[in-house]
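One structure below.
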């Protein structure tokens, strides 16, 4: 996928905002390493309440990082990998922005020589 | 590649004095960078403005001038890619952007270094995410197995 970098950057910001909280980052890490899980499973062995986990999952879902899938009587939560891939390109995109800016500088200073 | 810095080198076929003016004058900087900036580029000055790049029009931009050494070095600090109006970036550490100028045959060699990403939460998260790539692949296989079962 190669959208214009501007559009991609604009979509990435909410991802970082959603990940900017330790509990949510931990939930994402758990879903990454452990595969799809129910809220009950995600709450196990942690001192975060079920309600809190639900709230965090909803924030992550709004940012497109996770999605809930109904499986029988349970709702399983899983990672939406595409959005995280976009975010991991953050530094690459910044680097690309410098290339663009320096290209404009080059045309600017060489154009009026 | 280091994750703490971005480094770019470019040969500009223009005299060093010309390149310096293009970088160290707020109006000229804004012309090629894509921003409208108000204030003087003096050490310690906080310069405010707005981005003019298509897609980011009117996003506020703020840079804090660090060093101004005529025809040699211009540097400032800022919050890289601080374009989400819902995020308060003010408490986050800034990165340092340096423009180094050197006279070379045929023109001016410009080196741009942006450093300090390790302190920026968004960059740290990008790295954390990158480290997890193996995790996602395993996770995708889990899903595949699950739906195939």
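Chains as they are written, first to last, in my numbering: chain A, 38 to 150; chain B, 22 to 170.
C-beta atoms are modelled at their ideal positions from N, C-alpha and C, and glycine is treated no differently.
What you are looking at is a predicted structure, and each value in this text was computed from that prediction instead of being measured.
Within-7 Å CB hit, residue i to chain A
i                      : result
residue 30 of chain B  : no
residue 41 of chain B  : no
residue 53 of chain B  : yes
residue 123 of chain B : no
residue 141 of chain B : no
residue 34 of chain B  : yes
residue 27 of chain B  : yes
Cα-Cα separation between residue i and residue j, rounded to whole angstroms
i                      : j                      : result
residue 44 of chain B  : residue 99 of chain B  : 16 Å
residue 123 of chain B : residue 147 of chain A : 16 Å
residue 145 of chain A : residue 78 of chain B  : 21 Å
residue 90 of chain A  : residue 114 of chain B : 29 Å
residue 30 of chain B  : residue 50 of chain B  : 18 Å
residue 83 of chain A  : residue 77 of chain A  : 11 Å
residue 28 of chain B  : residue 131 of chain A : 11 Å
residue 34 of chain B  : residue 55 of chain A  : 45 Å
residue 59 of chain A  : residue 75 of chain B  : 34 Å
residue 118 of chain B : residue 70 of chain A  : 36 Å
residue 119 of chain A : residue 137 of chain B : 27 Å
residue 121 of chain B : residue 72 of chain B  : 23 Å
residue 128 of chain B : residue 111 of chain B : 39 Å
residue 80 of chain B  : residue 96 of chain A  : 25 Å
residue 126 of chain B : residue 40 of chain B  : 15 Å
residue 61 of chain A  : residue 38 of chain B  : 50 Å
residue 135 of chain B : residue 100 of chain A : 28 Å
residue 87 of chain B  : residue 60 of chain B  : 14 Å
residue 64 of chain A  : residue 135 of chain A : 34 Å
residue 66 of chain A  : residue 117 of chain A : 13 Å
residue 70 of chain B  : residue 83 of chain B  : 6 Å
residue 121 of chain A : residue 26 of chain B  : 22 Å
residue 85 of chain B  : residue 110 of chain A : 55 Å
Cβ of residue i within 7 Å of any chain B Cβ
i                      : result
residue 143 of chain A : yes
residue 97 of chain A  : no
residue 147 of chain A : yes
residue 109 of chain A : no
residue 138 of chain A : yes
residue 55 of chain A  : no
residue 135 of chain A : yes
residue 94 of chain A  : no
Beta bridge counterpart(s) of residue i as assigned by DSSP
i                      : result
residue 134 of chain A : Residue 134 of chain A pairs with nothing; no bridge assigned.
residue 102 of chain B : BP columns for residue 102 of chain B are empty, so no partner.
residue 78 of chain A  : None; residue 78 of chain A has no bridge partner.
residue 97 of chain A  : Per DSSP, none; premise fails for residue 97 of chain A.
residue 67 of chain B  : B:85
Outcome for residue i when other beta-carbon atoms lying within 10 angstroms are tallied against a minimum of 16
i                      : result
residue 91 of chain B  : exposed
residue 64 of chain B  : exposed
residue 38 of chain A  : Unreliable placement is indicated for residue 38 of chain A, whose pLDDT of 34 sits below 50; no coordinate value is reported for it.
residue 143 of chain A : buried
residue 103 of chain A : buried
residue 79 of chain A  : buried
residue 32 of chain B  : exposed
residue 106 of chain A : exposed
residue 106 of chain B : exposed
Residues from the segment 64 to 86 of chain A in contact with chain B, defined by Cβ distance under 9 Å:
From the segment 64 to 86 of chain A, only 65, 66, 68, 69, 70, 71, 72, 73 have a Cβ closer than 9 Å to chain B.
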